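So the sequence lines, in the order shown, correspond to chains E and G. All residue numbers for the first sequence refer to this note's numbering, where the first residue is 1 and numbers rise by one. All residue numbers for the second sequence refer to this note's numbering, where the first residue is 1001 and numbers rise by one.
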Amino acid sequence: MAAGGGDVNLFAEAMAYLFDAARWTAADGFGARILEHLAFSGAVLLVAAAIGIPAGVLIGHTGRGRDLVVALTSGARAVPTLGLLTIFGLLLGIGLEAPFLALVVLALPPVLAGAYAGVESVDRLVIGGARAIGMTERQILTGVELPLASPVLIGGLRSAALQVISTATLAAYLSDTGLGRPIFEGLKSRDYGLMLAGSILVALLALVIELLFQAAQSAAARRAEPLGTPRTTARARASERNSA
Amino acid sequence: MTWLSQNLHIVGALLVDHLVLSIVPIVLAILVSVPLGWLASRYRRARTPLLTGTGLLYAVPSLPLFIIVAPIIGVPVRSPVTIVVALTLYGVALLVRGAADAFGSVPRETMLAADAMGHSAWARFWRVELPLAGPVLLSSLRVVVVSTVSLVTVGAVVGASSLGTLFTDGFQRGIEASIVTGLVLTVVVAFALDAIVVLAGRLAMPWRRAVAT
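Take a look at the structure:
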């Protein structure tokens, strides 16, 4: 375990960075980096949601363009995020624009698929029932389809958010922003402790976001199915799987 | 195109590296996930910790995972071993859930029938459970294949050579053709491996052809 001794030291170095108050309070310290990372990721997610949710809901509601969504989501998985980032970086130059655009492109397919699969999974009979009691199309959409679709829709946002948090780390490769920065700084100066400290922070941030979305998803599921009808939950889960 | 023809040997070598770094973790992930998924589908007590644990693991971004995994297993971060171990973990994170769902979808009556016919637990697994779980297993394997091939490229950032090296090199030297070549080849490799998995699935499960969509 000779090598093991050195590796434990690396974690000790990382911890020394993480528990160094000066590293947090500095203008470009960890605290500022986390906020930067969150603000950047949040902005990307907002733009992706503003485009993806209406488009996905429309596709799910009308059933038109279904094949497009399926092709888009399976195709998008194959596209390497680093490749997208670097080509946008070369074309648009150093700065925030390139990673922002690349991340929106990456976040769109899961958001779109979640919204589409969510609306599509709503039982046609339920919609027919809503129509029969005299609800307008608008009321059906906002009062029936959207609440019932919300668990799957939030699931789509959740995969998009994780994808964005992850890729925003790589974005520091092009523009010094977010939590990727200590990682690349450590990489350049051969300071593994710093890389590790940055990595641990990104990992924790991603886990917190994942847990928050999980909580939001189960809250939405409870609202959509207060009695937890197993049939519908199983179906929602199946369509989420197809879209994931 | 001239860039590609002048650098064909480099691209070829990177392609081979990329294939190795993709295929090894995919195979390892299958070997680890199938038993774990089976456990999760059979034992309620194992289900929650296994599925929550692997779900959270999947949330950890790839670059940080590479950096965290390396000192734990005691190899340099640019080593292929780091990439293989980290990508195996991702593969397991995705496949365990798929495998648990797959084994969970085998009807109870079928299992009882297999018992009644005198199958041992071992024989029942190989002759009844695994073949019936196959199609669902295959669909999550396809997700793993495509995402693994794409994730291998991230390793280039820490110096592990793969088609991702075409991105970092191309970016640093301002060669668009390098990045585009990397993008196209990565997608081609992903779809090619996916096609192989689909084909292997058809050969292994000929009864599925009639129902396959």
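The beta-carbon is built from N, C-alpha and C at its ideal position, and this holds for glycine as well. Predicted, not measured: the structure shown is a model, and the values here were computed from it.
DSSP, read as helix, strand or coil, puts residue 26 of chain E in coil. CA-CA distance, residue 215 of chain E to residue 151 of chain E, rounds to 10 Å. A direct Cα-Cα distance of roughly 16 Å separates residue 1186 of chain G from residue 106 of chain E. The count of Cβ pairs closer than 8 Å, one atom from the region 1137–1149 of chain G and one from the region 1095–1107 of chain G, reaches three, so the stretches are in contact. In the three-state DSSP reduction, residue 1103 of chain G falls in the helix class (H, G or I). Residue range 1176–1204 is occupied by the alpha helix (DSSP H) that includes residue 1194 of chain G. Annotated three-state conformation of residue 122 of chain E is coil, per DSSP. In the three-state scheme derived from DSSP, where H, G and I count as helix and E and B as strand, residue 13 of chain E is classed as helix. A residue is called buried when at least 16 other Cβ atoms come within 10 angstroms of its Cβ; residue 19 of chain E does not meet this threshold and is exposed. Residue 95 of chain E: not part of any alpha helix (DSSP H); DSSP gives it neither H nor E. Non-local beta-carbon contacts of residue 1073 of chain G in its own chain, meaning distances under 8 Å to residues more than five positions away in sequence, involve 1081, 1082, 1085 in chain order. Counting only the Cα atoms, residue 167 of chain E lies some 14 Å from residue 158 of chain E.
Taking the beta carbon of residue 1196 of chain G as reference, no residue of chain E falls within 9 Å; the closest one sits roughly 14 Å away. Closer than 9 Å to the CB of residue 66 of chain E there is not a single CB belonging to chain G. When the Cα atoms are used, residue 1198 of chain G and residue 1204 of chain G turn out to be separated by approximately 10 Å. Using beta-carbon distances, residue 1077 of chain G counts as an interface residue toward chain E, with a partner under 9 Å. Neighbourhood of residue 1182 of chain G in chain E, by CB distance below 7 Å: 83, in chain order. At a cut-off of 9 Å between C-beta atoms, residue 1062 of chain G counts as an interface residue with respect to chain E. Following the DSSP letters along the chain, one finds residue 1034 of chain G inside the alpha helix (DSSP H) bounded by residues 1008–1042.
The Cβ-Cβ distance between residue 194 of chain E and residue 14 of chain E falls below 9 Å. Secondary structure at residue 1076 of chain G: coil, using DSSP grouped into helix, strand and coil. A distance below 9 Å separates the beta carbons of residue 145 of chain E and residue 127 of chain E.
Taken through DSSP and simplified to helix, strand or coil, residue 61 of chain E comes out as helix. In this structure, residue 1148 of chain G lies away from residue 1182 of chain G, with their beta-carbon atoms at least 9 Å apart. Minimum Cα-Cα distance from residue 1007 of chain G among the listed residues G:1023, G:1054, G:1169 corresponds to G:1169. Of the candidates G:1123, G:1016, G:1184, the residue whose Cα lies closest to the Cα of residue 1161 of chain G is G:1016.
With fewer than 16 neighbouring CB atoms inside 10 Å of its own CB, residue 1043 of chain G falls in the exposed class.
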